[in-house]
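> Have a look at this one.
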Amino acid sequence: ALRSRSGRSIINGNWAIDRPGRYEGGGTMFTYKRPNEISSTAGESFLADGPTNEVLDVYMIHQQPNPGIHYEYIIPGDNVISPQLLAHRRPGEPLNGQLGMPESTNHEDEELHRETDTLTGQSAGTFPVIQPGRFPSHQPENQVPAVQPPRQNREHNWKQIGKTECTTTCGKGSQYPVFHCVNRITHEEVSESYCDSSTKPIPEEEACNLFPCPAFWDIGEWSECSKTCGLGMQHRQILCRQMYANRTLTVQQYRCHHLEKPETTSTCQLKICSEWQIRTEWTSCSVPCGVGQRTRDVKCVSNLGDIVDDEECNMKLRPNDIENCDMGPCAKSWFLTDWSDRCSAECGDGVRTRSVVCMTNHVSSLPLEGCGNNRPPETTPCNNGPCAGKLEWFAGGWTQCSTECGSGTQQREVICVRKAEGNFDVLNPHECSYLEKPPSQQSCYLKPCGSKWFHTEWSTCSKSCEGGFRVREVRCLSDDMTASSQCDPQLKPEEKEPCNTQDCIPEIDENCKDKYYNCNVVVQARLCVYTYYKTACCASCTRVANRQSGFLGRR
Numbered sequence: 001a002l003r004s005r006s007g008r009s010i011i012n013g014n015w016a017i018d019r020p021g022r023y024e025g026g027g028t029m030f031t032y033k034r035p036n037e038i039s040s041t042a043g044e045s046f047l048a049d050g051p052t053n054e055v056l057d058v059y060m061i062h063q064q065p066n067p068g069i070h071y072e073y074i075i076p077g078d079n080v081i082s083p084q085l086l087a088h089r090r091p092g093e094p095l096n097g098q099l100g101m102p103e104s105t106n107h108e109d110e111e112l113h114r115e116t117d118t119l120t121g122q123s124a125g126t127f128p129v130i131q132p133g134r135f136p137s138h139q140p141e142n143q144v145p146a147v148q149p150p151r152q153n154r155e156h157n158w159k160q161i162g163k164t165e166c167t168t169t170c171g172k173g174s175q176y177p178v179f180h181c182v183n184r185i186t187h188e189e190v191s192e193s194y195c196d197s198s199t200k201p202i203p204e205e206e207a208c209n210l211f212p213c214p215a216f217w218d219i220g221e222w223s224e225c226s227k228t229c230g231l232g233m234q235h236r237q238i239l240c241r242q243m244y245a246n247r248t249l250t251v252q253q254y255r256c257h258h259l260e261k262p263e264t265t266s267t268c269q270l271k272i273c274s275e276w277q278i279r280t281e282w283t284s285c286s287v288p289c290g291v292g293q294r295t296r297d298v299k300c301v302s303n304l305g306d307i308v309d310d311e312e313c314n315m316k317l318r319p320n321d322i323e324n325c326d327m328g329p330c331a332k333s334w335f336l337t338d339w340s341d342r343c344s345a346e347c348g349d350g351v352r353t354r355s356v357v358c359m360t361n362h363v364s365s366l367p368l369e370g371c372g373n374n375r376p377p378e379t380t381p382c383n384n385g386p387c388a389g390k391l392e393w394f395a396g397g398w399t400q401c402s403t404e405c406g407s408g409t410q411q412r413e414v415i416c417v418r419k420a421e422g423n424f425d426v427l428n429p430h431e432c433s434y435l436e437k438p439p440s441q442q443s444c445y446l447k448p449c450g451s452k453w454f455h456t457e458w459s460t461c462s463k464s465c466e467g468g469f470r471v472r473e474v475r476c477l478s479d480d481m482t483a484s485s486q487c488d489p490q491l492k493p494e495e496k497e498p499c500n501t502q503d504c505i506p507e508i509d510e511n512c513k514d515k516y517y518n519c520n521v522v523v524q525a526r527l528c529v530y531t532y533y534k535t536a537c538c539a540s541c542t543r544v545a546n547r548q549s550g551f552l553g554r555r
């Protein structure tokens with residue numbers, strides 16, 4: 001873009017792109033060229049004959065690495081003689097410090113110039129011509145006398161035969177008169193060598209085709225596609241423009257109503273998006289009964305069949321790779337150990353023991369029911385023969401069950417005694433430590449408790465911050481672990497509850513920084529949608545994105 005120090009845009013200003021052409025500014029005319037970006041690798045260019053009368057600034061914006069600027073300029077030389085200077089200098093006036101050669105001063109010359117003006121059909125002041133004058137009859141001592149040129153034939157002079165073609169068909173162009181050397185009598189064109197070149201009028205620019213050009217739609221370049229894959233949108237700027245005086249101006253859109261307005265938006269697709277693929281079937285459930293989990297392999301696959309990062313696919317459409325699985329109520333059975341080898345008493349009556357426990361049975365052929373009330377005995381009597389004065393453990397009676405229904409526990413007292421004739425002596429327990437001590441506690445079951453609410457553990461929270469939820473499964477089961485409808489609905493545990501209500505703390509990326517001081521201009525111009533600006537002004541673009549996402553979340 002080209003702009004003056006006063007802020008006036010000459011080419012490509014005010015966020016608008018001008019067409020290639022000629023634009024006036026800085027006291028000269030600039031030719032703006034913009035090659036086709038597809039068929040040519042050349043860049044844009046400005047060209048002006050000059051000279052400029054003010055300082056001009058060139059601005060460049062680029063999305064790729066800076067291609068650089070190539071410039072050329074022309075400065076005036078000390079010994080350069082301008083044709084205009086030759087035509088306008090007064091007789092006898094020094095030229096670059098040298099005195100010009102003397103010219104003829106007779107009345108025929110004066111008459112010749114008057115005829116020239118008459119033949120051209122212009123007033124005498126329209127075209128500057130060399131007027132005759134008198135020179136001193138002597139030369140300066142340090143000046144070498146100039147050679148007198150051959151006298152031109154007075155039978156020929158300059159005549160305007162027409163004008164050049166107008167530079168534009170509309171909107172104010174320019175043209176120049178054309179002078180040829182002709183015979184004074186017959187007006188027949190002859191070689192210019194027959195006329196005095198120093199008397200040839202200088203063509204002056206004339207305005208032509210002053211009527212304005214028709215307005216037209218100026219179509220800008222398409223923006224980048226809004227999506228890197230799949231169907232997206234792209235936009236372009238459409239301006240109503242009109243050309244006048246070699247300057248393209250933006251005008252009101254109603255002036256282009258006679259033309260069909262091009263579309264400003266269009267669909268686009270750079271490539272086919274990567275898609276989610278389920279690579280394996282569900283695994284078996286993690287538990288043989290009850291509620292567990294199962295998994296499967298889900299991958300993001302490109303349109304070429306390669307496995308890529310999950311970010312290449314739409315995360316909102318990602319199939320689940322883990323889910324809960326319910327294998328049904330677990331069966332329970334009594335599990336028994338073998339009887340102990342030793343009798344609890346070395347002599348007399350004693351007991352042998354075994355462990356009895358109600359556990360989940362993973363054998364599917366067993367009936368789906370609880371362990372029931374028929375608990376197998378944990379002790380059995382044994383006798384190693386009569387004894388007198390020997391030590392043994394004595395076990396008292398069991399207490400009542402600790403619960404009125406369902407599974408509970410019972411206690412009893414176990415003491416160390418010495419058996420004598422008709423009585424027992426109570427001893428310190430360590431006296432019987434070498435003997436196996438009978439259990440002082442056992443489980444008990446009086447009656448069924450009826451249906452109860454059962455629930456699983458809470459699932460993982462759906463969000464790590466700003467409020468998610470977690471769920472669990474709640475069932476009403478009877479004593480035999482089958483589904484029941486006899487539970488009190490008012491006592492039903494919650495199946496869903498909020499979690500992680502704290503605010504999210506954004507992750508700070510130390511590499512996300514603004515590389516330029518004027519990134520606020522990039523944000524205001526909404527250029528953060530382009531990858532280059534999103535990287536160059538990472539911090540500013542990220543803040544705007546977070547504010548926008550927060551605003552949408554509150555809505």
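Numbering (full-length UniProt numbering), first residue to last: 1 to 555.
No residue lacks a Cβ here, since even glycine has one placed at the ideal position from N, Cα and C.
How would you call threonine 353, buried or exposed, if buried means at least 16 neighbouring beta carbons within 10 angstroms?
Classification of threonine 353: buried, given that the 10 Å Cβ count is 16 or more.
> Is the beta carbon of arginine 393 less than 7 angstroms from the beta carbon of lysine 447?
Checking the sequence shown, residue 393 turns out to be tryptophan, not arginine. For tryptophan 393 and lysine 447, no; Cβs fall outside 7 angstroms.
> With the cut-off set at 7 angstroms, would you say serine 451 and cysteine 476 are in Cβ contact?
Cβ atoms of serine 451 and cysteine 476: closer than 7 angstroms.
> To the nearest angstrom, how far is it from the Cα of lysine 163 to the Cα of cysteine 208?
The straight-line gap from Cα to Cα measures roughly 11 angstroms.
> Using C-beta distances below 7 angstroms, list every residue in its chain close to cysteine 225, excluding the 5 sequence neighbours before and after it, in chain order.
Here the set comprises Gly232, Gln234, Cys268 and Leu270.
> Between serine 48 and the rest of its own chain, which residues show a CB-CB distance below 6 angstroms, the 5 nearest in sequence each way excluded?
The question names serine, but residue 48 is alanine in the sequence shown. For alanine 48, where only same-chain residues beyond five positions count, the Cβ hits under 6 angstroms are Thr28 and Phe30.
> Work out the CA separation of valine 471 and valine 497 for me, nearest whole Å.
Reading off the sequence shown, one finds glutamate at residue 497, where the question assumed valine. Cα-Cα distance, rounded: 7 angstroms.
> I'd like to check one pair, lysine 33 with proline 20: are the Cβ atoms closer than 7 angstroms?
For proline 20 and lysine 33, yes; Cβs fall inside 7 angstroms.
> Note down, in chain order, each residue of its chain lying with its Cβ closer than 6 angstroms to the Cβ of aspartate 18, except the 5 sequence neighbours on either side.
Excluding sequence neighbours, aspartate 18 sits near Ile11, Asn12 and Thr248.
> Kindly identify the DSSP beta-bridge partner or partners of serine 266.
Answer is Gln234, bridged to serine 266.
> Looking at the unbroken alpha helix (DSSP H) that takes in lysine 515, where does it start and where does it end?
Lysine 515 -> no alpha helix (DSSP H), and no H or E assigned at all.
> Can you tell me the Cα-Cα spacing of serine 484 and asparagine 374, whole angstroms?
Rounded to the nearest angstrom, the two C-alpha atoms are 23 angstroms apart.
> Identify the continuous beta strand (DSSP E) that holds threonine 409 and give its terminal residues.
Note, threonine 409: beta strand (DSSP E), 407 to 411.
> Please report the straight-line C-alpha distance between leucine 435 and leucine 391, rounded to a whole angstrom.
So the two alpha carbons sit approximately 9 angstroms from each other.
> Of all the options Gly230, Tyr244, Asn157 and Cys181, which has the alpha carbon lying nearest to the alpha carbon of phenylalanine 211?
The candidate whose alpha carbon is nearest that of phenylalanine 211 is Tyr244.
> Could you tell me the boundaries of the alpha helix (DSSP H) in which lysine 534 lies?
Where lysine 534 is concerned, the enclosing alpha helix (DSSP H) stretches over 531 to 536.
> Identify which residue in Cys347, Asp338 and Cys325 has its Cα closest to the Cα of asparagine 383.
Nearest of Cys347, Asp338 and Cys325 to asparagine 383, Cα basis: Cys347.
> On the DSSP letters alone, give me the boundaries of the beta strand (DSSP E) that threonine 250 sits inside.
Segment 247 to 250, the beta strand (DSSP E) holding threonine 250.
> Flag this pair as yes or no: are the beta carbons of isoleucine 161 and histidine 180 separated by less than 7 angstroms?
Contact flag set, yes.
> For leucine 527, which residues from the same chain have a beta carbon less than 6 angstroms from its beta carbon, with the 5 sequence-adjacent residues on both sides left out?
Excluding positions up to five away in sequence, the list reads Tyr533.
> If you follow the beta strand (DSSP E) that lysine 326 is part of, which residue opens it and which one closes it?
Lysine is not the amino acid found at residue 326; the sequence shown has aspartate there. First-last of the beta strand (DSSP E) with aspartate 326: 322 to 326.
> For threonine 186 and aspartate 196, what's the separation of their Cα atoms in angstroms?
Their Cα atoms are separated by approximately 18 angstroms.
> Kindly list the residues whose CB is nearer than 8 angstroms to the CB of residue 558, restricted to its own chain and excluding five residues on each side of it in sequence; keep chain order.
A question about residue 558 goes unanswered here, because the residues of the chain that appear run from 1 up to 555.
> Out of curiosity, what's the CA-to-CA distance linking valine 356 and glycine 328?
Going from the Cα of valine 356 to the Cα of glycine 328 covers about 25 angstroms.
> Can you list, in chain order, the residues of its chain whose CB lies under 8 angstroms from that of serine 540, leaving out five sequence neighbours each side?
These residues qualify, in order along the chain: Asp514, Cys519, Asn520, Val522, Val523 and Cys528.
> Would you give the residue range spanned by the beta strand (DSSP E) that glutamate 275 belongs to?
Glutamate 275 -> beta strand (DSSP E) spans 275 to 278.
> Whose C-beta lies closer than 6 angstroms to the C-beta of glycine 292 among residues of the same chain, with five residues either side of it excluded?
Once the five neighbours on either side are set aside, the close Cβ partners of glycine 292 are Cys285, Ser286 and Cys325.
> How many whole angstroms separate the CB atoms of glutamate 466 and cysteine 512, which I take to be in contact at a CB cut-off of 8 angstroms?
Actually they do not touch by this definition, with Cβ atoms about 21 angstroms apart.
> Kindly list the residues whose CB is nearer than 7 angstroms to the CB of serine 193, restricted to its own chain and excluding five residues on each side of it in sequence; keep chain order.
Contacts found: none.
> Give a yes or no on whether the C-beta atoms belonging to valine 298 and aspartate 321 are separated by under 7 angstroms.
Taking 7 angstroms as the Cβ cut-off, valine 298 and aspartate 321 qualify as a contacting pair.
> For arginine 318, collect the residues of the same chain with a Cβ closer than 6 angstroms to its Cβ; drop the 5 residues on either side in sequence, then sort them by chain order.
Trp276.
> Among the candidates Asp479, Gly468, Leu491 and Asp488, whose CA atom is the shortest distance from the CA of cysteine 499?
Nearest C-alpha to cysteine 499: Gly468.
> Quick check on DSSP: helix, strand or coil for methionine 60?
Three-state result, methionine 60: coil.
> Leaving aside the five residues before and after arginine 547 along the sequence, list all residues of the same chain whose C-beta is less than 6 angstroms from its C-beta, in chain order.
Within the same chain, arginine 547 has no close Cβ partners at all.
> Check for me: the beta strand (DSSP E) holding lysine 390 runs from which residue to which?
Where lysine 390 is concerned, there is no enclosing beta strand (DSSP E), given that its DSSP letter is neither H nor E.
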